[in-house]
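For reference, the structure discussed in these notes is given below.
In our numbering, the protein residues as written are 1 to 404.
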């Protein structure tokens with residue numbers, strides 16, 4: 001491999017080469033924002049703030065997603081022979097499987113029991129973020145199919161050149177997965193729950209689509225969540241002061257420490273996203289007796305609201321559901337956003353108007369024996385995910401007369 005200015009250059013074919021970048025900072029904002037889906041002014045492709053230069057650089061600059069934490073930047077740049085940037089893959093060399101939300105611990109355990117070495121591995125993802133988005137990033141105006149195929153081939157090539165066990169592309173768009181499958185990656189599915197805004201003019205308009213019993217239960221739940229003198233504030237843009245971040249970080253650390261043992265994000269990260277992308281952030285904050293007691297952070301895309309972290313320092317019945325799910329629906333309806341993605345897992349979201357949605361990932365396994373075992377497992381898992389999705393769709397709270 002020839003050394004490049006910001007990493008290793010590897011030849012993909014006579015027309016393209018791959019350069020490895022050790023950090024998002026190796027891309028200028030203008031370069032990164034030239035990829036489809038990464039900038040708010042990209043109306044044609046839709047903006048996902050969680051793959052923006054601002055968000056990814058904040059994860060790295062704060063020390064949350066760096067080599068020390070097991071997320072060593074290994075981003076792919078696809079360039080012409082003349083050095084013109086065509087596309088990229090956000091990617092990390094990982095020494096563990098934490099913070100991914102697509103679980104491969106069973107694969108690693110089995111491989112290492114058989115004498116293999118599973119880590120390090122390559123992971124194309126947004127760290128700590130179970131949100132679907134573009135992973136094979138293509139410059140606007142470039143040949144989408146050709147560049148994506150080059151990126152998929154490049155990811156396999158880098159995996160083999162490094163001698164690592166595998167490459168994983170998680171929470172990928174279906175179009176990216178199709179390209180990766182054609183390149184020899186294995187397809188994996190999972191489930192989340194999303195709210196779909198069908199042109200509702202108000203929350204009551206949405207409630208009218210629910211069965212009567214479910215509608216009454218939702219109204220009661222929302223009343224009880226705020227019964228103890230609790231009010232809700234929406235903070236975005238200039239409202240995201242350092243005091244607001246102090247309050248939210250206290251919630252995040254308190255709840256995260258109890259739930260996971262070690263929260264992934266530090267205080268500096270929140271200051272950085274507040275500086276770099278405040279208009280793309282919504283904090284839903286619950287106030288009681290003159291102080292904030294709970295909150296949830298969301299990110300605002302061109303068509304979707306992405307719910308992420310929640311925390312509290314006081315426990316109140318149903319407050320989690322109010323802050324994370326009902327308020328997100330309120331905001332999406334007011335802003336005319338099409339979708340609320342409420343994060344990983346959680347069948348309790350179904351009763352609150354969120355529908356089951358299939359998520360996709362793609363996996364390249366170098367070792368033939370492990371690859372065959374994983375392929376067999378994924379075939380069975382996909383059938384089970386499909387079966388469960390059909391079952392859950394049959395048990396949504398929506399009026400049956402509106403769905404016939």
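Ideal Cβ placement from N, Cα and C applies to all residues, glycine included. As the structure is a prediction and not an experimental result, all values here were calculated from the model.
Problem - Length of the line joining the Cα atoms of residue 177 and residue 171 - result: Counting from 1 along the chain shown, the entry for residue 177 is found at position 177. Counting from 1 along the chain shown, the entry for residue 171 is found at position 171. If I take the Cα positions, the gap works out to 9 Å.
Practice task
Give the DSSP-derived three-state secondary structure of residue 355 in the structure shown.
Solution key: Reading the chain shown from its first residue, position 355 is the one you call residue 355. DSSP places residue 355 in strand when its eight states are reduced to three.
Problem - Cβ pair residue 197, residue 338 closer than 7 Å - result: Position 197 of the chain shown, counted from the start, is the residue given in the question as residue 197. Position 338 of the chain shown, counted from the start, is the residue given in the question as residue 338. Cβ atoms of residue 197 and residue 338: closer than 7 Å.
Exercise for the section: Examine the Cβ distances between the region 180 to 198 and the region 363 to 376 and report whether three or more of them are shorter than 8 Å. Expected result: The answer is yes - the region 363 to 376 touches the region 180 to 198, with three or more Cβ pairs under 8 Å.
Handout entry: N-terminal and C-terminal residue of the beta strand (DSSP E) that residue 80 is part of
Key = Taking the first residue of the chain shown as position 1, residue 80 is located at position 80. For residue 80, the enclosing beta strand (DSSP E) stretches over residues 75 to 80.
Handout entry: Limits of the beta strand (DSSP E) - the one that residue 283 falls within
Key = Within the chain shown, residue 283 is the residue found at index 283, counting from 1. It spans 281 to 288 - the beta strand (DSSP E) in which residue 283 sits, taken as one unbroken run.
Handout entry: beta strand (DSSP E) segment containing residue 189, residue limits
Key = By 1-based counting over the chain shown, the position of residue 189 is 189. Per DSSP, residue 189 belongs to the beta strand (DSSP E) from 186 to 196.
Exercise for the section: Taking residue 107 as the reference, give the member of 217, 367, 397 with the closest Cα. Expected result: Taking the chain shown and counting its residues from 1, one reaches residue 107 at position 107. Comparing Cα-Cα distances from residue 107 to each of 217, 367, 397, the minimum goes to 367.
Handout entry: Cα-Cα separation, residue 126 to residue 169
Key = Residue mapping note: residue 126 aligns to position 126 of the chain shown, counting from 1. Residue mapping note: residue 169 aligns to position 169 of the chain shown, counting from 1. Distance between the alpha carbons of residue 126 and residue 169: 10 Å.
Problem - Three or more C-beta pairs below 8 Å linking the region 150 to 168 and the region 291 to 310 - result: Three or more Cβ pairs closer than 8 Å define a contact, and the region 150 to 168 falls short of that threshold against the region 291 to 310.
Problem - Reduced DSSP secondary structure (H/G/I, E/B, other) of residue 148 - result: Mapped onto the chain shown, residue 148 falls at position 148. Helix.
Handout entry: Buried versus exposed, by CB contacts within 10 Å (16 or more), residue 103
Key = The sequence position of residue 103 within the chain shown is 103, counting from 1. Its Cβ having fewer than 16 others within 10 Å, residue 103 is exposed.
Handout entry: Span of the alpha helix (DSSP H) around residue 222
Key = Reading the chain shown from its first residue, position 222 is the one you call residue 222. Taken as a continuous stretch (DSSP letters only), the alpha helix (DSSP H) holding residue 222 covers 212 to 225.
Handout entry: Pick from 249, 283, 256, 258 that is closest to residue 268, judged by C-alpha positions
Key = Taking the chain shown and counting its residues from 1, one reaches residue 268 at position 268. With distances taken between Cα atoms, residue 268 lies closest to 249.
Handout entry: Assigned exposure category for residue 30 - 16 Cβ within 10 Å defines buried
Key = Here residue 30 is taken as the residue at index 30 of the chain shown, counted from 1. Classification for residue 30: exposed.
Practice task
Just the C-alpha distance for residue 84 and residue 253, rounded to the nearest angstrom, thanks.
Solution key: The sequence position of residue 84 within the chain shown is 84, counting from 1. The sequence position of residue 253 within the chain shown is 253, counting from 1. Answer to the nearest angstrom: the Cα atoms are 43 Å apart.
Exercise for the section: Please say whether residue 195 and residue 70 have beta carbons closer to each other than 7 Å? Expected result: On the chain shown, position 70 is the one that residue 70 refers to. On the chain shown, position 195 is the one that residue 195 refers to. Contact: no.
Practice task
Kindly confirm or deny that the region 228 to 239 and the region 281 to 290 touch, where touching means at least three C-beta pairs closer than 8 Å.
Solution key: Yes, the region 228 to 239 touches the region 281 to 290.
Practice task
Please check the pair residue 46 and residue 34, which I expect to be a contact at CB under 8 Å, by giving their CB distance rounded to whole angstroms.
Solution key: Taking the chain shown and counting its residues from 1, one reaches residue 46 at position 46. Taking the chain shown and counting its residues from 1, one reaches residue 34 at position 34. Contact annotation, residue 46 with residue 34: C-beta distance approximately 15 Å; criterion of less than 8 Å not satisfied.
Practice task
Compute the beta-carbon to beta-carbon distance between residue 133 and residue 50, rounded to the nearest angstrom, for a pair I have assumed lies under 8 Å.
Solution key: Position 133 of the chain shown, counted from the start, is the residue given in the question as residue 133. Position 50 of the chain shown, counted from the start, is the residue given in the question as residue 50. That pair is a contact at about 6 Å.
Practice task
Any chance you could list the alpha helix (DSSP H) runs of at least 4 consecutive residues sitting entirely within the region 338 to 401, in chain order?
Solution key: Runs of the alpha helix (DSSP H) inside the region 338 to 401: 368 to 393.
Problem - Same chain, Cβ closer than 7 Å to residue 131, five either side skipped, listed in chain order - result: Indexing the chain shown from 1 puts residue 131 at position 131. Here the set comprises 50, 171, 306, 341.
Exercise for the section: Indicate whether residue 210 and residue 331 have their beta-carbon atoms separated by less than 7 Å. Expected result: Position 210 of the chain shown, counted from the start, is the residue given in the question as residue 210. Position 331 of the chain shown, counted from the start, is the residue given in the question as residue 331. Pairing residue 210 with residue 331 gives a Cβ-Cβ distance that is not under 7 Å.
Problem - Same chain only: Cβ atoms within 6 Å of residue 370, ignoring 5 sequence neighbours per side - result: What you label residue 370 is simply residue 370 of the chain shown in a count that begins at 1. Result list for residue 370: 111, in chain order.
Exercise for the section: Can you tell me which of the three DSSP states residue 258 falls into? Expected result: One-based indexing of the chain shown puts residue 258 at position 258. DSSP, read as helix, strand or coil, puts residue 258 in helix.
Practice task
Locate the alpha helix (DSSP H) running through residue 327, then write down its first and last residues.
Solution key: Residue numbering aside, residue 327 sits at position 327 when the chain shown is read from its first letter. Per DSSP, residue 327 is one residue of the alpha helix (DSSP H) stretching across 327 to 335.
Practice task
Pull up the distance between the alpha-carbon of residue 286 and that of residue 317, whole angstroms please.
Solution key: As a working mapping, residue 286 is identified with position 286 in the chain shown. As a working mapping, residue 317 is identified with position 317 in the chain shown. Taking the straight line joining both Cα atoms gives about 13 Å.
Problem - Secondary structure of residue 233, DSSP reduced to three states - result: Residue numbering aside, residue 233 sits at position 233 when the chain shown is read from its first letter. Three-state DSSP puts residue 233 in a strand.
Problem - Alpha carbon of residue 358 to alpha carbon of residue 175, nearest angstrom - result: As a first step, residue 358 is located in the chain shown; it is residue number 358 there, counting from the start. As a first step, residue 175 is located in the chain shown; it is residue number 175 there, counting from the start. If I take the Cα positions, the gap works out to 14 Å.
Exercise for the section: Grab me the residues of residue 140's own chain with a C-beta within less than 7 Å of its C-beta, minus the 5 sequence neighbours each way, in chain order. Expected result: On the chain shown, residue 140 is found 140 positions in, with the first residue counted as 1. The residues are 34, 36.
Practice task
Reducing DSSP to helix, strand and coil, say where residue 165 ends up.
Solution key: Stepping through the chain shown from its first residue, residue 165 is reached at position 165. Three-state DSSP puts residue 165 in coil, outside helix and strand.
Practice task
To the nearest angstrom, report how far apart residue 164 and residue 257 are at their CA atoms.
Solution key: As a working note, residue 164 is residue 164 in the chain shown. As a working note, residue 257 is residue 257 in the chain shown. In a straight line, the C-alpha of residue 164 is about 32 Å away from that of residue 257.
Handout entry: For residue 135, the nearest candidate out of 355, 77, 90 (CA to CA)
Key = One-based indexing of the chain shown puts residue 135 at position 135. Comparing alpha-carbon positions, the option among 355, 77, 90 lying closest to residue 135 turns out to be 90.
Practice task
Look at the alpha carbon of residue 378 and the alpha carbon of residue 298, and state the distance between them as a whole number of angstroms.
Solution key: Residue numbering aside, residue 378 sits at position 378 when the chain shown is read from its first letter. Residue numbering aside, residue 298 sits at position 298 when the chain shown is read from its first letter. Answer to the nearest angstrom: the Cα atoms are 31 Å apart.
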